[in-house]
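J.: Numbering-wise (the working numbering), the sequence shown opens with residue 10 and increments by one.
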Amino acid sequence: MPEPVSKHTASAKTPAPGRPAPPPARSPQGRADLSATEASAHIKEVVKASAAEQQWEAQEELAPLIVSAEDAPMVQLVNAMLMEALQRRSSDIHIEPYPDKLRIRFRVDGSLITAHDLPPGLMSGLVSRLKVMASMDIAERRVPQDGRIKLGVPGKGAIDFRVSVLPTIFGEKVVMRVLGTGQLRNSVDELGFDASSYQEVKEALRNSFGMILVTGPTGSGKTTTLYTMLKELSEPDVNIVTAEDPVEYNLPGITQVSVKPQIDFTFDVALRSFLRQDPDIILVGEMRDYETAAIAVKAALTGHLVLSTVHTNNAPATVVRLVDMGIEPYLVASAVKLVIAQRLIRRICTQCKEEAPVSAEEQEHLHESTLAAIQKTFHGKGCEHCSQTGYRGRAPVYEVMPVKNKELKRVITEGGTEVMVSQVARREGLVTLKMEAMRLVNEGVTSLPEAMQIIVSD
Ligand SMILES: [Zn+2]
C-alpha cells in the first residue's frame with residue numbers, strides 16, 4: 010500500500026487504519042487546526058500588529074456648539090439660537106418667514122412659544138447658514154430639502170438636529186427637530202407607571218417571544234418608553250436590532266438601522282433582513298401597513314420579542330387596528346402580549362400652583378359622572394420659574410392592557426370591535442387614559458383644562 014503523498018506535510022503520520030486522514034496541520038495557505046484558544050490569541054496578535062502599523066481612523070470630529078464673538082454674526086446668531094433652544098428644553102425649533110418679520114418659535118413641553126421676532130432681512134443669511142450646516146444645496150430655494158446637523162454640546166454629548174426646509178410664499182421656512190434629548194430613563198421603573206401597570210410591563214418584558222405595542226399620537230413619549238424598555242433588555246448575550254425612521258438616540262450595544270423609504274428601504278425590508286441576522290429582540294419603529302405588520306407578527310410568533318408602535322387612540326383600538334390591517338385575528342391574539350397607550354400632559358408648575366375651581370365652561374363640557382369624580386382642581390397662575398405658562402415639565406398618562414386572559418384573547422380571536430374589546434378589558438381591570446388623567450387632576454399634578462383633551466375624547 011503506497012504511503013499517502015503530501016507535498017505540504019512531509020512529516021504527516023500514516024493514519025490509523027480505518028480512520029480518515031487528519032487535515033494537514035500546515036499549508037502555505039495557513040493552519041486549519043487552530044484550537045479556540047489559539048484562534049482567539051491570534052486575533053489579539055493581528056489586532057496588535059495592525060494597531061501599530063496603521064493609524065486608526067480618527068473618530069468623526071464633532072463641531073462644538075459654541076458662541077464666539079470672533080465668528081461671523083450669522084454664525085453667532087445661529088449658534089446662540091440653538092443654545093437657547095437646548096437650554097429651554099425645546100423639542101423643535103421653528104424659523105418662520107413673514108413679510109414683516111422672521112419669527113423664531115420653540116416647542117417646549119409640547120407647546121410652541123415665540124422666542125424672537127427678528128427683522129425679515131436676516132432670513133436669507135440665517136437659512137443659508139443652516140443649509141450649510143445641514144449639508145443642503147444653498148442655491149436651491151424652490152423645492153423642500155431635508156438634512157441633518159450634528160453638534161457636540163458640553164454636558165449633553167452629541168445632539169442631532171433633523172432639519173427640514175420648506176419654500177413658502179414669504180420665503181423658506183425651517184423646522185429643526187432636536188433628536189436624542191428626550192428623557193431617556195435608565196430603567197422601566199423610572200417611566201412613572203403605577204404599581205400594577207409596572208408589574209404587567211415587567212412581566213411582558215420577560216417574554217422570550219411576542220409583541221409589545223405602544224400607541225399614541227406624535228409627541229406622546231412612545232420613543233422614550235420603547236427605548237427605556239430596550240435599555241433594560243440590553244444584555245451582552247442578547248441580540249437587539251432596531252429599524253427606525255429616523256434613529257433618535259444611539260443606544261450602546263444595540264444595532265440600530267435608519268430606514269430610508271425614499272430608496273425603498275422600508276420597515277418590512279429591514280425586518281426581513283433582521284430575521285436573517287439571528288436577533289432575539291426587534292424594535293420596529295412603526296407598523297402602518299400590512300407587509301410590516303405581517304412580518305412583525307410572524308417574527309413575534311417564531312421566538313422573537315418584537316416592540317413596535319401603532320397609531321391609534323387607545324389600547325383596545327390597537328389590537329383591532331392590526332386586524333383591520335389584514336392580520337388574522339387569532340394571530341393577533343396569540344402574538345400581542347401587552348399594549349400601552351400613552352399621552353403626555355403638562356405638569357402644573359410647583360412654584361405657582363394654587364387651587365382653581367372648575368369653570369362654568371368646563372362644567373358644560375364634562376359628563377356628570379366625570380364632574381362627580383372631581384375632588385379638587387389646581388392650576389399654575391404663572392411665574393418666573395415657568396415662563397408665566399403655569400406649567401413646567403410633563404407627566405405621562407398610561408393605559409396598560411395585558412393580553413393574557415382567556416376572555417380578552419377570545420374576543421380578539423373572534424374579531425371583536427373596539428367597543429367589544431374595550432368592554433372585556435375594562436371588566437378585567439383596565440385603567441383607561443381618561444381614568445388616569447382624572448387621577449392626575451385630583452392629585453394636583455395637572456390642571457383640568459390640560460387633562461380635558463384626554464377626558465373629553467374618551
Ligand atoms: Zn410657575
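Positions of the beta carbon are idealized from the N, C-alpha and C atoms, including for glycine.
Just so we're clear, the structure is a prediction, and the values are computed from it rather than from any experiment.
For Q351 and E149, I'd like the C-alpha separation in whole angstroms.
T.: Locating residue 351 in the sequence shown gives position 342, where the first residue counts as 1. Locating residue 149 in the sequence shown gives position 140, where the first residue counts as 1. When rounded, the distance between both Cα atoms is 40 Å.
J.: Is the closest heavy atom of ligand 1 to the C-beta of Q265 under 7 Å?
T.: By 1-based counting over the sequence shown, the position of residue 265 is 256. No, ligand 1 has no heavy atom inside 7 Å of this Cβ.
J.: Flag this pair as yes or no: are the beta carbons of A308 and T224 separated by less than 8 Å?
T.: Translated into the one-based positions of the sequence shown, residue 308 becomes position 299. Translated into the one-based positions of the sequence shown, residue 224 becomes position 215. In this structure, T224 does not lie closer than 8 Å to A308 by Cβ.
J.: What separation, rounded to the nearest whole angstrom, lies between the Cα atoms of L242 and E373?
T.: Numbered from its first residue, the sequence shown carries residue 242 at position 233. Numbered from its first residue, the sequence shown carries residue 373 at position 364. Their Cα atoms are separated by approximately 47 Å.
J.: Using a Cβ-based criterion (distance less than 7 Å to any ligand heavy atom), does G453 qualify as near ligand 1?
T.: Mapped onto the sequence shown, residue 453 falls at position 444. No; taking the cut-off as 7 Å, the Cβ of G453 has no heavy atom of ligand 1 nearer than that.
J.: Note down, in chain order, each residue of its chain lying with its Cβ closer than 7 Å to the Cβ of V76, except the 5 sequence neighbours on either side.
T.: For the purposes of this step, residue 76 is identified with residue 67 of the sequence shown, where counting begins at 1. Cβ within range, chain order: Q85, N88, A89 and M92.
J.: For G391 versus L314, is the C-beta spacing smaller than 8 Å?
T.: Indexing the sequence shown from 1 puts residue 391 at position 382. Indexing the sequence shown from 1 puts residue 314 at position 305. Their beta carbons are not under 8 Å apart, which means G391 does not touch L314 by this criterion.
J.: Which residues in the same chain as R138 place their Cβ atom closer than 6 Å to its Cβ, once the five residues preceding and following it in sequence are excluded?
T.: To locate residue 138, count along the sequence shown from 1; it is residue 129. Answer for R138: M83 and V87, listed in chain order.
J.: What is the DSSP secondary structure of A67, reduced to helix, strand or coil?
T.: Working through the sequence shown from its first residue, we reach residue 67 at position 58. Because the pLDDT at A67 is just 46, under 50, the model does not fix this residue reliably, and the point stays unresolved.
J.: Is any non-hydrogen atom of ligand 1 found closer than 7 Å to the C-beta of G389, if you look at the structure I gave you?
T.: As a first step, residue 389 must be located in the sequence shown, where it is residue number 380. Within the cutoff, so yes.
J.: What is the rounded straight-line gap between the Cα of Q384 and the Cα of L457?
T.: As a working note, residue 384 is residue 375 in the sequence shown. As a working note, residue 457 is residue 448 in the sequence shown. Roughly 11 Å separates the two Cα atoms.
J.: Where does L95 sit, in a helix, a strand or coil, going by DSSP?
T.: Taking the first residue of the sequence shown as position 1, residue 95 is located at position 86. Three-state result, L95: helix.
J.: What is the DSSP secondary structure of M334, counted as helix, strand or coil?
T.: In the sequence shown, counting from the first residue as 1, residue 334 sits at position 325. It is coil, neither helix nor strand.
J.: For the alpha helix (DSSP H) containing S396, name the first residue and the last one.
T.: The residue you call residue 396 lines up with position 387 of the sequence shown. Where S396 is concerned, there is no enclosing alpha helix (DSSP H), given that its DSSP letter is neither H nor E.
J.: Buried or exposed for K269, please, with buried defined as at least 16 other CB atoms from any protein chain shown within 10 angstroms of its CB.
T.: In the sequence shown, counting from the first residue as 1, residue 269 sits at position 260. With fewer than 16 Cβ atoms within 10 Å of its Cβ, K269 is classed as exposed.
J.: The beta strand (DSSP E) that contains Q265, what's its start and end?
T.: Counted from its first residue, the sequence shown places residue 265 at position 256. Start and end: T264 to S267.
J.: What residues are listed by DSSP as bridge partners for H103?
T.: Indexing the sequence shown from 1 puts residue 103 at position 94. DSSP lists R114 and V184 as partners of H103.
J.: Excluding five sequence neighbours on each side, which residues of the same chain lie with their C-beta closer than 6 Å to the C-beta of M410?
T.: Position 401 of the sequence shown, counted from the first residue, corresponds to residue 410. A324, V348, A434 and L439.
J.: Mind checking which residues open and close the beta strand (DSSP E) that includes H125?
T.: By one-based count along the sequence shown, residue 125 stands at place 116. That run of the beta strand (DSSP E) goes S120 to L127.
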